[in-house]
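**Student:**
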Amino acid sequence: MENKLKLFNSLSRKKEDFVPLTEGYVGMYVCGPTVYGDPHLGHARPGITFDIVFRYLQHIGFKVRYVRNITDVGHLENDADEGEDKIGKKARLEQLEPMEIVQYYTNRYHSFMNALNVLPPSIEPHASGHIIEQMEIIDKIVDNGYAYESEGSVYFDVEKYNEKHPYGLLSGRNIEEMQANTRELDGQSEKRKSYDFALWKKAAPEHIMRWKSKWSDGFPGWHLECSAMGAKYLGETFDIHGGGMDLLFPHHESEIAQSVAANGRMPVKYWMHNNMITINGQKMGKSLGNFITLEEFFSGKHKMLEQAYSPMTIRFFILQAHYRGTVDFSNQALQSAGKANERMVKAFGRLDDIKTTNDGEFDVAALRNSCYTAMNDDFNTPILIAHLFDAVKFINAVADGKATMSEEQKLALQNIRQDFIVDILGLNLGEDESAGESKTDDIMELLLDVRRKLKEEKNYSMSDYIRDELGAKGVTIKDTKDGTTWEF
RNA sequence: GGUCUCGUGGCCGAGUGGCUAGGCAGCGGUCUGCAAAACCGCGUACAGCGGUUCGAAUCCGCUCGAGACCUCCA
Numbered sequence: 003m004e005n006k007l008k009l010f011n012s013l014s015r016k017k018e019d020f021v022p023l024t025e026g027y028v029g030m031y032v033c034g035p036t037v038y039g040d041p042h043l044g045h046a047r048p049g050i051t052f053d054i055v056f057r058y059l060q061h062i063g064f065k066v067r068y069v070r071n072i073t074d075v076g077h078l079e080n081d082a083d084e085g086e087d088k089i090g091k092k093a094r095l096e097q098l099e100p101m102e103i104v105q106y107y108t109n110r111y112h113s114f115m116n117a118l119n120v121l122p123p124s125i126e127p128h129a130s131g132h133i134i135e136q137m138e139i140i141d142k143i144v145d146n147g148y149a150y151e152s153e154g155s156v157y158f159d160v161e162k163y164n165e166k167h168p169y170g171l172l173s174g175r176n177i178e179e180m181q182a183n184t185r186e187l188d189g190q191s192e193k194r195k196s197y198d199f200a201l202w203k204k205a206a207p208e209h210i211m212r213w214k215s216k217w218s219d220g221f222p223g224w225h226l227e228c229s230a231m232g233a234k235y236l237g238e239t240f241d242i243h244g245g246g247m248d249l250l251f252p253h254h255e256s257e258i259a260q261s262v263a264a265n266g267r268m269p270v271k272y273w274m275h276n277n278m279i280t281i282n283g284q285k286m287g288k289s290l291g292n293f294i295t296l297e298e299f300f301s302g303k304h305k306m307l308e309q310a311y312s313p314m315t316i317r318f319f320i321l322q323a324h325y326r327g328t329v330d331f332s333n334q335a336l337q338s339a340g341k342a343n344e345r346m347v348k349a350f351g352r353l354d355d356i357k358t359t360n361d362g363e364f365d366v367a368a369l370r371n372s373c374y375t376a377m378n379d380d381f382n383t384p385i386l387i388a389h390l391f392d393a394v395k396f397i398n399a400v401a402d403g404k405a406t407m408s409e410e411q412k413l414a415l416q417n418i419r420q421d422f423i424v425d426i427l428g429l430n431l432g433e434d435e436s437a438g439e440s441k442t443d444d445i446m447e448l449l450l451d452v453r454r455k456l457k458e459e460k461n462y463s464m465s466d467y468i469r470d471e472l473g474a475k476g477v478t479i480k481d482t483k484d485g486t487t488w489e490f
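Numbering (the working numbering), first residue to last: 3 to 490.
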């Protein structure tokens with residue numbers, strides 16, 4: 003392939019050629035969900051974004067190990083020192099074991115990701131299963147002199163770290179600014195500086211999720227699990243780390259600092275961040291309470307939704323925007339995405355029935371090349387989709403007898419369909435729904451036969467009545483030259 | 001307040017210094033008993049004001065507006 007994959011590295015804020023650390027292999031870590039609530043549209047974005055990265059890297063021949071974690075150790079609801087832990091709170095409210103909460107929402111997350119046709123990662127480690135690994139990192143950081151203990155908790159010494167390593171590389175901050183811009187809070191006497199962050203936190207008596215350690219009964223700091231699990235499964239330095247833009251600071255910044263403090267080397271070569279989904283121009287998020295869950299989208303049961311939207315509509319909607327831009331939710335945009343997806347899938351579905359003749363005026367090889375160019379340019383799925391619509395026009399024109407297609411062209415288009423629509427974009431072609439409904443088929447055939455006879459007798463009022471009543475029940479009738487077709 | 005991002009036609013959304021993005025909606029046409037689908041054609045957008053340039057929506061400056069991060073959030 004003559005053009006190479008480039009991706010935008012948040013660290014350099016530039017597009018860079020992708021060169022893996024080990025030729026032929028890619029290690030990728032993506033921040034997964036904190037499992038204390040139902041997944042919403044915001045969760046779909048990184049799920050789908052990095053699913054595309056995973057799929058495409060594999061398509062172009064890399065062996066990829068994709069690690070996406072489950073956060074289940076009960077991080078605090080508010081800020082560093084106050085507030086209840088999220089999972090523990092939910093457990094108390096619902097009178098369940100914390101791990102029941104974790105299991106329930108993990109299952110939910112899986113089933114919705116599956117519906118969106120997001121492939122499962124290679125490894126899905128739980129933070130709670132890696133407490134020892136996290137303690138080991140704390141030991142290393144303490145040994146290297148970048149952490150201090152205070153009242154049973156251990157804090158990362160940002161100032162000390164900053165003397166030798168720049169803190170704030172990823173987010174473009176520096177320690178002076180942070181000092182100037184952080185309010186001094188009362189009751190933070192445990193920490194030397196407001197920007198220090200916890201590596202280990204002593205649990206308050208009412209805190210349910212806790213583990214024994216040499217420092218105290220407590221729980222690991224919020225940023226540590228990714229450092230620990232990333233290093234464990236992908237090595238001290240790996241290729242790609244992904245997540246939402248809102249994690250850039252402080253989460254990923256702290257991850258870098260921890261890893262460097264522990265191991266003396268940068269943990270990640272390429273940082274990738276997906277942008278947010280907005281609703282009326284504002285970020286959709288838990289803290290703002292303006293999120294819509296995936297279940298609500300699929301069922302249409304939410305006051306802002308005019309109808310239900312299928313998982314593939316959601317997927318197409320997200321793919322129609324570039325992952326680094328915000329994408330604004332609206333019913334109109336979603337309906338538009340649904341129709342566009344349907345048109346594309348239908349056209350490529352017609353492909354197999356096309357009667358080939360001689361070469362048509364369409365350069366399939368050039369199209370294929372354009373598709374790769376789009377994907378190689380930082381996974382530009384909107385451009386890829388735009389190119390695929392060129393093929394849609396061509397296929398429809400041939401199906402209508404207004405253009406011709408050769409056998410080679412047909413085969414090449416079938417390959418594009420498999421590679422780009424099915425394998426890379428992960429869009430279902432929707433062959434599953436109508437299967438196994440032969441009884442309905444029989445009845446419909448009869449009904450359409452009656453209607454055909456009515457039309458022969460020019461009894462259009464009756465034939466239209468059949469069509470309209472079926473339409474009201476969700477069955478669409480289409481009269482074509484070759485007969486009548488129907489679909490739900 | 002600090003750091004940063006963005007502002008594209010009715011809507012959503014790409015984009016490179018000069019050449020049609022694409023989708024949805026709309027309008028006109030072909031086809032059709034009508035309708036739907038499909039196909040063809042159309043709208044001539046780039047927040048505002050300056051500057052650089054032969055040429056800028058694309059580079060620079062300013063103004064206005066929107067948003068993100070600085071506390072958990074995908």
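Quick reminder that beta carbons are idealized off the backbone N, C-alpha and C, glycines included. Since the structure is predicted, the reported quantities are computational estimates derived from the model, not experimental observations.
1. How would you label M346, buried or exposed, when you count the other beta carbons within 10 angstroms and need 16 or more for buried?
2. Quick check: D379 and K8, are their CB atoms within less than 9 Å of each other?
3. Take F391 and list the residues in its own chain whose beta-carbon comes closer than 7 Å to its own, dropping the five residues that flank it on each side.
4. From F52 to R317, what distance separates their C-alpha atoms?
5. How would you label P168, buried or exposed, when you count the other beta carbons within 10 angstroms and need 16 or more for buried?
6. In the DSSP assignment, what are the bridge partners of A149?
7. Please determine, among F364, V400 and F422, the residue with the shortest C-alpha to C-alpha distance to A376.
8. Verify whether the separation of the beta carbon atoms of S12 and M274 is less than 9 Å.
9. If contacts are defined as beta-carbon pairs under 8 Å, then G245 and V32 qualify, I think. What distance do you get, rounded to the angstrom?
10. Just the C-alpha distance for E84 and P252, rounded to the nearest angstrom, thanks.
11. Alpha carbon to alpha carbon, how far is G189 from N282?
12. Determine the burial state of P207: buried for a count of at least 16 other Cβ atoms within 10 Å of its Cβ, exposed for fewer.
13. Do you know offhand how far T295's Cα is from L43's?
14. If we call anything under 9 Å between Cβ atoms a contact, is W224 one with M137?
15. My parser needs the alpha helix (DSSP H) runs of 4 or more residues fully inside the segment 193-260; what are they?
16. Determine contact between the segment 117-134 and the segment 231-242, defined as no fewer than three beta-carbon pairs at a distance below 8 Å.
17. Under the assumption that A349 contacts V394 (Cβ atoms under 8 Å), give the Cβ distance between them as a whole number of angstroms.
18. Per DSSP, which one or two residues make a beta bridge with M274?
19. Rounded C-beta distance between V509 and F300? I'm assuming under 8 Å.
20. Tell me the rounded alpha-carbon separation between I426 and P222.
21. Between which two residues does the beta strand (DSSP E) holding M101 run?
22. Take G351 as the anchor and find which of L321, P384, N417 and T359 has the nearest alpha-carbon.
23. Rounded to whole angstroms, what is the Cα-Cα separation between I103 and Y111?
24. Fully enclosed by the segment 13-100, which beta strand (DSSP E) runs are 3 residues long or longer?
25. Would you mind giving the Cβ-Cβ distance between G220 and G154, rounded to the nearest angstrom? I have them listed as a contact below 8 Å.
**Tutor:** Checking against the coordinates, here is how it stands:
1. What you label residue 346 is simply residue 344 of the first sequence in a count that begins at 1. Classification of M346: buried, given that the 10 Å Cβ count is 16 or more.
2. Counted from its first residue, the first sequence places residue 379 at position 377. Counted from its first residue, the first sequence places residue 8 at position 6. Their beta carbons are under 9 Å apart, which means D379 touches K8 by this criterion.
3. Position 389 of the first sequence, counted from the first residue, corresponds to residue 391. Within the same chain, F391 has close Cβ partners M346.
4. Within the first sequence, the letter at position 50 stands for residue 52. Within the first sequence, the letter at position 315 stands for residue 317. Cα to Cα, F52 sits roughly 12 Å from R317.
5. On the first sequence, residue 168 is found 166 positions in, with the first residue counted as 1. With a 10 Å radius around the Cβ and a threshold of 16 neighbouring Cβ atoms, P168 comes out exposed.
6. Working through the first sequence from its first residue, we reach residue 149 at position 147. For A149, which the question treats as bridged, DSSP gives the partners F158.
7. Mapped onto the first sequence, residue 376 falls at position 374. Out of F364, V400 and F422, F422 has the C-alpha closest to the C-alpha of A376.
8. Looking up residue 12 in the first sequence gives position 10. Looking up residue 274 in the first sequence gives position 272. It is a contact, given that the beta carbons lie within the stated cut-off.
9. On the first sequence, residue 245 is found 243 positions in, with the first residue counted as 1. On the first sequence, residue 32 is found 30 positions in, with the first residue counted as 1. Confirmed, about 6 Å.
10. Counting from one through the first sequence, the residue named residue 84 turns up at place 82. Counting from one through the first sequence, the residue named residue 252 turns up at place 250. Per-residue confidence for E84 stands at a pLDDT of 49, beneath the threshold of 50, marking its modelled position as unreliable; the derived number appears in the next sentence. About 17 Å.
11. Counting from 1 along the first sequence, the entry for residue 189 is found at position 187. Counting from 1 along the first sequence, the entry for residue 282 is found at position 280. Per-residue confidence for G189 stands at a pLDDT of 48, beneath the threshold of 50, marking its modelled position as unreliable; no derived number is given.
12. Looking up residue 207 in the first sequence gives position 205. With fewer than 16 Cβ atoms within 10 Å of its Cβ, P207 is classed as exposed.
13. Residue mapping note: residue 295 aligns to position 293 of the first sequence, counting from 1. Residue mapping note: residue 43 aligns to position 41 of the first sequence, counting from 1. Whole-angstrom Cα-Cα distance: 6 Å.
14. Residue mapping note: residue 224 aligns to position 222 of the first sequence, counting from 1. Residue mapping note: residue 137 aligns to position 135 of the first sequence, counting from 1. No, the Cβ-Cβ distance between W224 and M137 is not below 9 Å.
15. 226-236
16. yes
17. One-based indexing of the first sequence puts residue 349 at position 347. One-based indexing of the first sequence puts residue 394 at position 392. Confirmed, about 4 Å.
18. Taking the first residue of the first sequence as position 1, residue 274 is located at position 272. Per DSSP, G244.
19. Nothing about residue 509 can be read from this structure; the chain reaches only from 3 to 490.
20. As a working mapping, residue 426 is identified with position 424 in the first sequence. As a working mapping, residue 222 is identified with position 220 in the first sequence. Those two C-alpha atoms are separated by around 37 Å.
21. For this step, residue 101 is matched to residue 99 along the first sequence. Looking at the DSSP string, M101 is not in any beta strand (DSSP E); the run it does join, the alpha helix (DSSP H), is P100 to A117.
22. Locating residue 351 in the first sequence gives position 349, counting from the first residue. The candidate whose alpha carbon is nearest that of G351 is N417.
23. Numbered from its first residue, the first sequence carries residue 103 at position 101. Numbered from its first residue, the first sequence carries residue 111 at position 109. So the two alpha carbons sit approximately 12 Å from each other.
24. 16-19, 27-32 and 65-70
25. Taking the first sequence and counting its residues from 1, one reaches residue 220 at position 218. Taking the first sequence and counting its residues from 1, one reaches residue 154 at position 152. The distance from the Cβ of G220 to that of G154 is about 7 Å, consistent with a contact at the 8 Å cut-off.
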